[in-house]
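What follows is a short report on a single structure.
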Amino acid sequence: MTTHPGSAEGGGAADQGVEHPFLVPAQLLADPGAAPERGPDTGGSTAGRRRVRRSFRDWTVDVTAFVVSVLVGLVLLGSALSQPEPPPDGLLFADLVLGSLGCAALWLRRRWPVGVAVALALVASFSDMVAIACLFSLFTVAVHRRWPTVAAVTGISVASFSVYLLVRPDPEVPTWALTLLGLVATAAVVAWGMFVRARRQLVLSLHDRALRAEHEQQLRVEQARHTERTRIAREMHDVLAHRLSLLSMHAGALEFRPDAPAAEVAQAAGVVRASARQALEDLREVIGVLRHNGDGDGGEGDGGAGGGDPGTRPQPTLADVPVLVEESRRAGVRLRVQYRVPELAAAPPGLGRSAYRVVQEGLTNARKHAPGTVTTVLVEGAPGTGLVVELRNPAPAGRDTAPALPGAGTGLVGLLERVSLGGGNLEHGWTADGEFRLRAELPWPAEHPA
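If you count the sequence shown from 1, position 31 lands on 31 in the UniProt record's numbering, and the numbers rise without skipping.
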């Protein structure tokens, strides 16, 4: 890992959504989407993360490490002075000066972990002052570098400690005891650092995975919307061609039969007028589909005319909902149905198709995710007041709480696109009494041409 908290621009904690960034290492606050930083040994899941300033936690750790290193170093230096045969004054002076500089070098250990660790290891070959600072720097190497580098720096530290035992032996403590103590302390520090590195890599990997999953989900949603818009546009094209062909046929009849009875002429003119008006509505709907930019807002549908499946087959209408319900009943779905519409067949075709698709999606979800439960279907409305289609079903038996529906949810996304393009509103989710509700409110014009 090569994020260096002490040398960058800007924190980035807010961008990461961290609730308490001052308690988090700056390394975990680096932005994974920023330009990669240059440096050696950039392996691991944090390669390419932006360097950020020290967090409050980093400052606390750095100050503590510096103070502890200086205090312990002074204690060890004082102990050396109290020996019956203290080291030479020149060695003690070098120990004090270089040891103090070594403790101060801990502030740079994140930027240059290997360099600082090697320098402190060399000074530790004759200095008591940097004993603890050397362990802190070795821990930083274990956190920020791969294991081959850690092994090499650890070997240098062990060799330096061996030289120290030769240069400054302690007459009161056996050499084997000092050797064992140094090896145990070194192994513990390295193991702890590698554990911290592995844990941070796991956190960063999970964070990156969550970002990728969110991005993939957005792509799936956009793909579902694009697919639904394409299907709606294709159907509207077919419907528009049908309307225009009717208009052309009746207009041609008026042209080639100028002597037709007045009743037939009036009837043909009425059909031409109605077809032209409906074709204009369909054309506005097609333009709304084509203009839709995929941001999730509704399109420019008119008068509640929603989309439907493409194809040459007759499209379903509101009058076909009872057939759909009976098919579900025959498939084993338990239903309670209420129709509060003056006449199902009187609904506009576009409105009927949208309502049909809402019922179809709701029954499909109930069949997949709540088998064995009773699904309530309500179709209510009238011209001028709008149409409400609502489906409710409780959670499956054996579950204390309402579960979240699995899957990508693209079916409901496509349904939302269809209803929005028709000028309506779609709601779905769990209610306070533990039922899943799918509710669509669709506009129903007061007047509709026959």
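Idealized CB from N, CA, C, for every residue including glycine.
Because the structure is a prediction, the values reported are computed rather than measured.
Item: Whose C-beta lies closer than 7 Å to the C-beta of Gly182 among residues of the same chain, with five residues either side of it excluded?; Value: Phe161
Item: Just curious, the alpha helix (DSSP H) that Thr317 is in, first and last residue?; Value: Careful: Thr317 lies outside any alpha helix (DSSP H) and carries neither H nor E.
Item: Name the residue from Arg231, Pro443, Leu283 and Trp112 whose alpha carbon lies nearest to the alpha carbon of Asn425.; Value: Pro443
Item: Smallest Cα separation from residue 488: which of Arg277, Gln223 and Val358?; Value: This structure cannot speak to residue 488, because the chain is shown only from 1 to 450.
Item: Would you call the CB atoms of Val130 and Val123 closer than 9 Å?; Value: yes
Item: Quick one: residues in its chain with C-beta nearer than 8 Å to the C-beta of Ser79, no 5 flanking neighbours on either side, listed in chain order?; Value: Asp128
Item: Just the C-alpha distance for Ala105 and Ala188, rounded to the nearest angstrom, thanks.; Value: 22 Å
Item: Quick one: any contact between the segment 133-140 and the segment 166-180, if contact means 3 or more CB pairs under 8 Å?; Value: no
Item: For Glu441, which three-state DSSP category applies?; Value: strand
Item: What residue range is occupied by the uninterrupted alpha helix (DSSP H) comprising Glu361?; Value: Pro349 to His369
Item: Using CA atoms only, rank isn't needed, just tell me which of Gly386, Pro396, Ala355 and Arg392 is closest to Ala446.; Value: Gly386
Item: Quick one, which of Arg146, Thr364, Leu77 and Gly414 has its alpha-carbon nearest Ala198's?; Value: Arg146
Item: Sort Asn365, Glu380, Gly372 and Leu166 by Cα distance to Glu343 and report the nearest one.; Value: Glu380
Item: Cα-Cα, which of Val272, Arg439, Leu438 and Ser420 is closest to Arg229?; Value: Ser420
Item: Measure the Cβ-Cβ separation of Arg334 and Thr364 and say whether it is below 9 Å.; Value: no
Item: Does the structure place the segment 204-212 close enough to the segment 147-159 that three or more beta carbon pairs sit under 8 Å?; Value: no
Item: Mapping the DSSP letters down to three states, classify Trp381 as helix, strand or coil.; Value: Per the sequence shown, residue 381 should be read as Gly rather than Trp. In the structure shown, Gly381 sits in a strand (DSSP, three-state: E or B).
Item: Rounded to whole angstroms, how far is the Cβ of Asp95 from the Cβ of Phe126, which I believe are closer than 8 Å?; Value: 7 Å
Item: Applying the criterion that 16 or more other CB atoms from any shown protein chain within 10 Å of the CB defines a buried residue, is Ala177 buried or exposed?; Value: exposed
Item: Could you pull out every residue in the same chain whose Cβ sits closer than 6 Å to the Cβ of Phe139, ignoring the five residues on either side in sequence?; Value: Val189 and Gly193
Item: Secondary structure at Trp112, three-state DSSP: helix, strand or coil?; Value: coil
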